[in-house]
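Protein chains: 2
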Amino acid sequence: MKKIAVALVLAFSFYQAEAQNYADSVAFRKIFNEVLTNGECYDWLHDLCKDVGHRLSGSPQADMAVRWGEAVMREAGFDSVWLQPVMVPKWVRGQKEYAEILGVGQVDVLALGGSIATPTDGITAQVVYAETFDDLEKLGREKIAGRIVFFNEYFDPTNINTFESYGQCVPYRWKGASEAAKYGAAAVVIRSVGSAYDDFPHTGSMRYLDPEQQIPAVALSTMDADVLKEALQQNADLQFRLVTYSQTLEMVPSFNVIGELRGTTYPDEVLVVGGHLDSWDVGEGAHDDGAGCVQSMEVLRTLRASMGQPKRTVRCVLFMNEENGVKGGHAYADWAGTTGQKNLFAMESDAGGFTPRGFSLTDSAYVSYFQGLKPLFEPYNIHYIEYGYGGTDIHPLEDHGTLMAGLVPDSQRYMDYHHTENDIFEHVNKRELELGAGTMACLVWYISEYGLPVH
Amino acid sequence: MKKIAVALVLAFSFYQAEAQNYADSVAFRKIFNEVLTNGECYDWLHDLCKDVGHRLSGSPQADMAVRWGEAVMREAGFDSVWLQPVMVPKWVRGQKEYAEILGVGQVDVLALGGSIATPTDGITAQVVYAETFDDLEKLGREKIAGRIVFFNEYFDPTNINTFESYGQCVPYRWKGASEAAKYGAAAVVIRSVGSAYDDFPHTGSMRYLDPEQQIPAVALSTMDADVLKEALQQNADLQFRLVTYSQTLEMVPSFNVIGELRGTTYPDEVLVVGGHLDSWDVGEGAHDDGAGCVQSMEVLRTLRASMGQPKRTVRCVLFMNEENGVKGGHAYADWAGTTGQKNLFAMESDAGGFTPRGFSLTDSAYVSYFQGLKPLFEPYNIHYIEYGYGGTDIHPLEDHGTLMAGLVPDSQRYMDYHHTENDIFEHVNKRELELGAGTMACLVWYISEYGLPVH
Numbered sequence: 095m096k097k098i099a100v101a102l103v104l105a106f107s108f109y110q111a112e113a114q115n116y117a118d119s120v121a122f123r124k125i126f127n128e129v130l131t132n133g134e135c136y137d138w139l140h141d142l143c144k145d146v147g148h149r150l151s152g153s154p155q156a157d158m159a160v161r162w163g164e165a166v167m168r169e170a171g172f173d174s175v176w177l178q179p180v181m182v183p184k185w186v187r188g189q190k191e192y193a194e195i196l197g198v199g200q201v202d203v204l205a206l207g208g209s210i211a212t213p214t215d216g217i218t219a220q221v222v223y224a225e226t227f228d229d230l231e232k233l234g235r236e237k238i239a240g241r242i243v244f245f246n247e248y249f250d251p252t253n254i255n256t257f258e259s260y261g262q263c264v265p266y267r268w269k270g271a272s273e274a275a276k277y278g279a280a281a282v283v284i285r286s287v288g289s290a291y292d293d294f295p296h297t298g299s300m301r302y303l304d305p306e307q308q309i310p311a312v313a314l315s316t317m318d319a320d321v322l323k324e325a326l327q328q329n330a331d332l333q334f335r336l337v338t339y340s341q342t343l344e345m346v347p348s349f350n351v352i353g354e355l356r357g358t359t360y361p362d363e364v365l366v367v368g369g370h371l372d373s374w375d376v377g378e379g380a381h382d383d384g385a386g387c388v389q390s391m392e393v394l395r396t397l398r399a400s401m402g403q404p405k406r407t408v409r410c411v412l413f414m415n416e417e418n419g420v421k422g423g424h425a426y427a428d429w430a431g432t433t434g435q436k437n438l439f440a441m442e443s444d445a446g447g448f449t450p451r452g453f454s455l456t457d458s459a460y461v462s463y464f465q466g467l468k469p470l471f472e473p474y475n476i477h478y479i480e481y482g483y484g485g486t487d488i489h490p491l492e493d494h495g496t497l498m499a500g501l502v503p504d505s506q507r508y509m510d511y512h513h514t515e516n517d518i519f520e521h522v523n524k525r526e527l528e529l530g531a532g533t534m535a536c537l538v539w540y541i542s543e544y545g546l547p548v549h
Numbered sequence: 095m096k097k098i099a100v101a102l103v104l105a106f107s108f109y110q111a112e113a114q115n116y117a118d119s120v121a122f123r124k125i126f127n128e129v130l131t132n133g134e135c136y137d138w139l140h141d142l143c144k145d146v147g148h149r150l151s152g153s154p155q156a157d158m159a160v161r162w163g164e165a166v167m168r169e170a171g172f173d174s175v176w177l178q179p180v181m182v183p184k185w186v187r188g189q190k191e192y193a194e195i196l197g198v199g200q201v202d203v204l205a206l207g208g209s210i211a212t213p214t215d216g217i218t219a220q221v222v223y224a225e226t227f228d229d230l231e232k233l234g235r236e237k238i239a240g241r242i243v244f245f246n247e248y249f250d251p252t253n254i255n256t257f258e259s260y261g262q263c264v265p266y267r268w269k270g271a272s273e274a275a276k277y278g279a280a281a282v283v284i285r286s287v288g289s290a291y292d293d294f295p296h297t298g299s300m301r302y303l304d305p306e307q308q309i310p311a312v313a314l315s316t317m318d319a320d321v322l323k324e325a326l327q328q329n330a331d332l333q334f335r336l337v338t339y340s341q342t343l344e345m346v347p348s349f350n351v352i353g354e355l356r357g358t359t360y361p362d363e364v365l366v367v368g369g370h371l372d373s374w375d376v377g378e379g380a381h382d383d384g385a386g387c388v389q390s391m392e393v394l395r396t397l398r399a400s401m402g403q404p405k406r407t408v409r410c411v412l413f414m415n416e417e418n419g420v421k422g423g424h425a426y427a428d429w430a431g432t433t434g435q436k437n438l439f440a441m442e443s444d445a446g447g448f449t450p451r452g453f454s455l456t457d458s459a460y461v462s463y464f465q466g467l468k469p470l471f472e473p474y475n476i477h478y479i480e481y482g483y484g485g486t487d488i489h490p491l492e493d494h495g496t497l498m499a500g501l502v503p504d505s506q507r508y509m510d511y512h513h514t515e516n517d518i519f520e521h522v523n524k525r526e527l528e529l530g531a532g533t534m535a536c537l538v539w540y541i542s543e544y545g546l547p548v549h
């Protein structure tokens, strides 16, 4: 009798588990159908890119973007929509930069974000070629002082994930000026950190590690980097002329834009989805990170339209100032710590609006739990569920014990457009953008429904 | 003692298997490194798209493409390169079509491949709206005779694989004219079979099931299909004017272009890789199927450069006439049956030069064997190994017991460009194209090394 009872309990448990799996798969299908049929994120992105355009922290366009985000969330009818004040840095490019390889011709450069300007009449100097920081030491102060260091670090094409190659090159952008300044360099020119061989220079953030040693830093397109390299091979004494106008002003007030659906059962357990509203001051910030912003808003719209009000609070945060300060991310986390609510989970989309491949999780203890959802995700070609990075803006939530996740889209095209004039709406595909939003919405729905296992 | 011997044998087998797995993973890495570092397929595609352009079977450009393919293979130094004669149909569009919704304005159409022309002074008639073939029966001959049938079948956005939605819509393109002609229709206008909402009409092949009942057939862009639908809602009696000039001429001689690396150990076991050289007569045939052609040539170049001469013969076939006749595919299979060689395996790339997701196999008995290679493929984000379609050009090899495979790239963007003016080189990403070639090369290398298991 006891055996029969155990068998019945087991059979019933199995039946329950199967029924739940089936119900979950139906939920995923409803969520994807909703976003693929009625999704608004692509139209939202069009408006952000074309009506606002690029929107560096502290710029008038960043203010427009804040108002745009607030208006979209109100129009979408989220339960609460508010602006969270945050002070942000203000760096301005000023006039278009001028650069010329004397005797060869003019080349297109972009000042790196945070760079100081050249003197008003520019810098004209010989060029010193380096591929690594080690090269600086080999060259020594004698060969570097007063000259322009050209860091020609190549983007490794053999990494399948282009973010790995990006990570290998970024130190030259971030601290190339600081390292070269130690040897008395007059300025730094870097090969753009990007995967495309084209004539778009890539900007991006840099910092002066020693405030006493500041020199201008700019990026050349990959094609122009080759032009400069070849010109140097012809004439090691050639002169490079550089005039830039950028400057860092006082910090200014700005905002994170926040909207939420209040949880029906556990309103004080919060699931955050977000992207960053600021962008560099070129192009339209379409993939970086207009895509993440509109996907995050789409998560809330789609969830309510397809599955009704969530059990846990789902909050969308459009973070200000990811690109050059992460002030919005810190402001949100600081505030979150004061609310008495638990930020259970946070997911960021900041790797482009490309076909989603999966997501990474910041706590390895949860990886196998979420890998258990693979049968639910595989019909949507989502295969990648691994330990990894969450996102720059949500990272400050680590102190609150929040589980963080990063959407992992296909990375092949991202570094072609990243931080360039070429990061425009036309390079975002509607279906790819929507599938990313669908992936986020399914994951968020699952956690809103079942919470997180204790471990 | 016996136990120790068994244990030793097992341990050695395990060691051997591990060593082989390691060697295979090193081979895969070498192959991907070669294609990502020294790959020539992207430059080849540039030349095919920009120097030759679109190349419908029987056109002067198709002849140029044959000479181009032969020259590339000779330049790449394949062991043998030859042209295989094949007679192909010749359909010509003639002058640009003219279409107008009277009282509304001109719209852009493309005649479907194989369509007859309108009379010289065109057809002007009322429009009958249909979304399915069933609608024709409901309308009946009385409402259809002498009128233009407008098939407005929508592309289903909820299928994750866009080829499924394509398959649902294609019958209206393929036999819409034949079905409408049964009811005495004067012509057929279809909503373009495509995933994008834009103003590019999509052409593609159609046939007359009854040679006595031929009426002209054209495609409207998705945007113009909505214009026509709305205009009909305003005025059910509106007139549509259509003038087309297309005609089918006599068949003409053409060629498949073939090159091979001769196997060192099993030269009479042949592994085929291919794509189709012809394209529709608009755009540049970049994704469809210039991509498959250059990837197939890249497989041979990359294999030899990274792994040396293969054990089995690896043959690249650029098939002529996939789009409107498949004469090249049949000619190759017919010839292959006469050579005394065994065409062990054939792989086609004809779904665009997008990030590869995996491959499908036409024989379900082999699926679990190849799924065993997942650990080798997953570092390259290749997850999809399933039973499915091979390719239109290799399909005739079925009669020879050839195992066939189709490269499965990400499908989200393909149906935006397919058969339109917009299928151009600029929409192909270098890395995505190369990763597809790398996936093909690894699979072909593995079979060239180990053959196929008997079952």
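If you read the protein sequences in the order shown, they are chains A and E.
If you count the first sequence from 1, you need to add 94 to reach this note's numbering.
If you count the second sequence from 1, you need to add 94 to reach this note's numbering.
Glycine included, each C-beta is placed from N, C-alpha and C at the ideal position.
Notebook entry, point to check: Counting along the chain, where does the alpha helix (DSSP H) carrying Ala-399 of chain A start and finish?
Noted result: Taking the first residue of the first sequence as position 1, residue 399 of chain A is located at position 305. 385-401 is the span of the alpha helix (DSSP H), which, as asked, contains Ala-399 of chain A.
Next item on the list: Measuring alpha carbon to alpha carbon, tell me which of E:Ala-281, E:Ala-399 and E:Asn-516 ends up nearest Phe-244 of chain E.
Entry: Residue 244 of chain E sits at position 150 when you count from the first residue of the second sequence. Of the candidates E:Ala-281, E:Ala-399 and E:Asn-516, the one whose C-alpha sits nearest the C-alpha of Phe-244 of chain E is E:Ala-281.
Next item on the list: Please list the segments of the alpha helix (DSSP H) lying wholly inside the segment 460-547 of chain A, counting only runs of 4 or more residues, in order along the chain.
Entry: Runs found: 461-465, 468-471, 508-511 and 524-544.
Item checked: Contact with chain A by Asp-517 of chain E, beta-carbon distance below 9 Å -> Locating residue 517 of chain E in the second sequence gives position 423, where the first residue counts as 1. With 9 Å as the cut-off, Asp-517 of chain E does not count as an interface residue toward chain A.
Next item on the list: Under the assumption that Ala-313 of chain E contacts Ala-271 of chain E (Cβ atoms under 8 Å), give the Cβ distance between them as a whole number of angstroms.
Entry: Numbered from 1 along the second sequence, position 219 holds the residue referred to as residue 313 of chain E. Numbered from 1 along the second sequence, position 177 holds the residue referred to as residue 271 of chain E. Not quite, the Cβ-Cβ distance comes to about 11 Å (not below 8 Å), so this is no contact.
Item checked: Residues within the segment 498-528 of chain A neighbouring chain E, beta-carbon criterion of under 8 Å -> Asp-504, Gln-506, Arg-507, Asp-510, Asn-523, Lys-524, Arg-525 and Glu-526
Next item on the list: For Pro-473 of chain A, return the contacting residues in chain E, with the cut-off set at a CB-CB distance below 9 Å.
Entry: For the purposes of this step, residue 473 of chain A is taken as residue 379 along the first sequence, with counting starting at 1. Ile-254, listed in chain order.
Check: Are Tyr-386 of chain E and Phe-126 of chain E touching if we call contact CB-CB under 9 Å?
Finding: Here residue 386 of chain E is taken as the residue at index 292 of the second sequence, counted from 1. Here residue 126 of chain E is taken as the residue at index 32 of the second sequence, counted from 1. In the sequence on display, residue 386 of chain E carries Gly and not Tyr. Going by C-beta atoms, Gly-386 of chain E is not nearer than 9 Å to Phe-126 of chain E.
Item checked: Close Cβ partners of Pro-179 of chain A (< 7 Å) along its chain, the five nearest in sequence each way excluded -> Translated into positions along the first sequence, residue 179 of chain A becomes position 85. Pro-347 and Phe-349, listed in sequence order.
Check: Do you know whose CA, among A:Arg-149, A:Tyr-136 and A:Ala-105, lies nearest Val-413 of chain A's CA?
Finding: As a position in the first sequence, residue 413 of chain A is number 319, starting the count at 1. The residue you asked about is not Val; residue 413 of chain A is Phe in the sequence shown. Comparing Cα-Cα distances from Phe-413 of chain A to each of A:Arg-149, A:Tyr-136 and A:Ala-105, the minimum goes to A:Arg-149.
Check: From Ala-430 of chain A to Ala-205 of chain A, what distance separates their C-alpha atoms?
Finding: The residue you call residue 430 of chain A lines up with position 336 of the first sequence. The residue you call residue 205 of chain A lines up with position 111 of the first sequence. So the alpha carbons of these two residues sit roughly 35 Å apart.
Next item on the list: Compute the distance between the beta-carbons of Leu-336 of chain A and Glu-273 of chain A, then report whether it is under 9 Å.
Entry: Counting from one through the first sequence, the residue named residue 336 of chain A turns up at place 242. Counting from one through the first sequence, the residue named residue 273 of chain A turns up at place 179. Contact flag unset, no.
Next item on the list: Using a cut-off of 7 Å between C-beta atoms, extract the partners of Thr-533 of chain A located in chain E.
Entry: Walking along the first sequence from the start, residue 533 of chain A turns up at place 439. The contacting residues do not exist; Thr-533 of chain A stays about 11 Å from chain E at best.
Check: Does the distance from the CB of Gly-197 of chain E to the CB of Ala-319 of chain E come in under 9 Å?
Finding: Position 103 of the second sequence holds residue 197 of chain E. Position 225 of the second sequence holds residue 319 of chain E. Not closer than 9 Å, so no.
Notebook entry, point to check: Quick one: is the Cβ of Leu-336 of chain E within less than 8 Å of any heavy atom of the ligand ADP?
Noted result: Among the components of this structure there are no ligands whatsoever, and the ligand ADP is therefore not found.
Note to self: Mapping the DSSP letters down to three states, classify Phe-294 of chain A as helix, strand or coil.
What the structure shows: Position 200 of the first sequence, counting from 1, holds the residue named residue 294 of chain A. Coil, per DSSP.
Notebook entry, point to check: Of the choices A:Asp-382, A:Val-364, A:Gly-133 and A:Tyr-339, whose alpha-carbon is the least far from that of Thr-214 of chain A?
Noted result: The residue labelled residue 214 of chain A in the question sits at position 120 within the first sequence. When each option's Cα is compared against that of Thr-214 of chain A, the closest is A:Tyr-339.
Check: Between the beta-carbon of Asn-437 of chain A and the beta-carbon of Leu-371 of chain A, is there less than 9 Å?
Finding: Looking up residue 437 of chain A in the first sequence gives position 343. Looking up residue 371 of chain A in the first sequence gives position 277. When the beta-carbon positions are compared, Asn-437 of chain A and Leu-371 of chain A stay at least 9 Å from each other.
Notebook entry, point to check: Mind checking if Ala-290 of chain A is an interface residue toward chain E, Cβ cutoff 9 Å exclusive?
Noted result: The residue labelled residue 290 of chain A in the question sits at position 196 within the first sequence. Chain E contact via Cβ: present.
Checklist line | Beta carbon proximity, Asn-127 of chain E to chain A, threshold 9 Å | finding: To locate residue 127 of chain E, count along the second sequence from 1; it is residue 33. With 9 Å as the cut-off, Asn-127 of chain E counts as an interface residue toward chain A.
Note to self: Taking DSSP's pairing of strands, which residues face Thr-212 of chain A in a bridge?
What the structure shows: For the purposes of this step, residue 212 of chain A is identified with residue 118 of the first sequence, where counting begins at 1. Under DSSP, Thr-212 of chain A forms no beta bridge with any residue.
Next item on the list: Would you identify the three-state DSSP class for Val-166 of chain A, choosing helix, strand or coil?
Entry: Looking up residue 166 of chain A in the first sequence gives position 72. Here Val-166 of chain A sits in helix by DSSP.
Margin query: I'd like to know if Thr-449 of chain E contacts chain A, where contact means its C-beta is closer than 9 Å to some C-beta of that chain.
Written below: Mapped onto the second sequence, residue 449 of chain E falls at position 355. Yes - at least one Cβ of chain A is within 9 Å of the one on Thr-449 of chain E.
Note to self: Assuming Lys-405 of chain E and Gly-357 of chain E are in contact, meaning their beta carbons sit under 8 Å apart, how far apart are those beta carbons, in whole angstroms?
What the structure shows: As a position in the second sequence, residue 405 of chain E is number 311, starting the count at 1. As a position in the second sequence, residue 357 of chain E is number 263, starting the count at 1. Yes, Lys-405 of chain E and Gly-357 of chain E are in contact; Cβ-Cβ is about 6 Å, under 8 Å.
Note to self: So, does the segment 437-454 of chain E touch the segment 361-370 of chain E, judging by three or more C-beta pairs under 8 Å?
What the structure shows: yes
Note to self: Whole angstroms are fine: how far does the CA of Phe-257 of chain A sit from the CA of Arg-267 of chain A?
What the structure shows: Position 173 of the first sequence holds residue 267 of chain A. Position 163 of the first sequence holds residue 257 of chain A. Near 15 Å, if we compare the C-alpha coordinates of Phe-257 of chain A and Arg-267 of chain A.
Note to self: Determine whether the beta carbon atoms of Val-522 of chain A and Tyr-136 of chain A lie at a separation below 9 Å.
What the structure shows: The count along the first sequence starts at 1 and reaches residue 522 of chain A at position 428. The count along the first sequence starts at 1 and reaches residue 136 of chain A at position 42. Result yes, Cβ atoms of Val-522 of chain A and Tyr-136 of chain A sit closer than 9 Å.
Notebook entry, point to check: Would you report the Cα separation of Ala-445 of chain E and Val-129 of chain A, rounded to the nearest angstrom?
Noted result: Position 351 of the second sequence, counted from the first residue, corresponds to residue 445 of chain E. Position 35 of the first sequence, counted from the first residue, corresponds to residue 129 of chain A. Distance between the alpha carbons of Ala-445 of chain E and Val-129 of chain A is about 25 Å.
Notebook entry, point to check: So with Cβ pairs under 9 Å, would you call Thr-131 of chain E a contact of chain A?
Noted result: Stepping through the second sequence from its first residue, residue 131 of chain E is reached at position 37. By this cut-off, Thr-131 of chain E is an interface position.
Check: Hey, Leu-355 of chain E and Leu-397 of chain E are a contact pair by Cβ (cut 8 Å); roughly how many whole angstroms apart?
Finding: Walking along the second sequence from the start, residue 355 of chain E turns up at place 261. Walking along the second sequence from the start, residue 397 of chain E turns up at place 303. About 7 Å; that satisfies the 8 Å criterion.
Note to self: Measuring alpha carbon to alpha carbon, tell me which residue in A:Tyr-463, A:Val-364, A:Ala-399 and A:Gly-466 is nearest Lys-124 of chain A.
What the structure shows: Position 30 of the first sequence, counted from the first residue, corresponds to residue 124 of chain A. Checking every option, the nearest Cα to that of Lys-124 of chain A belongs to A:Ala-399.
Check: What first and last residue would you give for the beta strand (DSSP E) that runs through Phe-172 of chain E?
Finding: Residue 172 of chain E sits at position 78 when you count from the first residue of the second sequence. Where Phe-172 of chain E is concerned, there is no enclosing beta strand (DSSP E), given that its DSSP letter is neither H nor E.
Checklist line | Exposed unless 16 or more other CB atoms sit within 10 angstroms - verdict on Gly-103 of chain E | finding: Indexing the second sequence from 1 puts residue 103 of chain E at position 9. Per the sequence shown, residue 103 of chain E should be read as Val rather than Gly. Label assigned to Val-103 of chain E: exposed.
Note to self: On the DSSP letters alone, give me the boundaries of the beta strand (DSSP E) that Asp-362 of chain A sits inside.
What the structure shows: If you number the first sequence from 1, residue 362 of chain A lands on position 268. 360-370 is the span of the beta strand (DSSP E), which, as asked, contains Asp-362 of chain A.
Next item on the list: State yes or no: is the beta carbon of Tyr-478 of chain A nearer than 9 Å to at least one beta carbon in chain E?
Entry: Residue numbering aside, residue 478 of chain A sits at position 384 when the first sequence is read from its first letter. Taking Cβ atoms only, chain E reaches closer than 9 Å to Tyr-478 of chain A, which makes this a yes.
Note to self: Tell me which residue opens and which closes the beta strand (DSSP E) that Gly-199 of chain A is part of.
What the structure shows: Here residue 199 of chain A corresponds to residue number 105 of the first sequence, with the count starting at 1. Secondary structure note for Gly-199 of chain A: its beta strand (DSSP E) is the uninterrupted segment 199-201.
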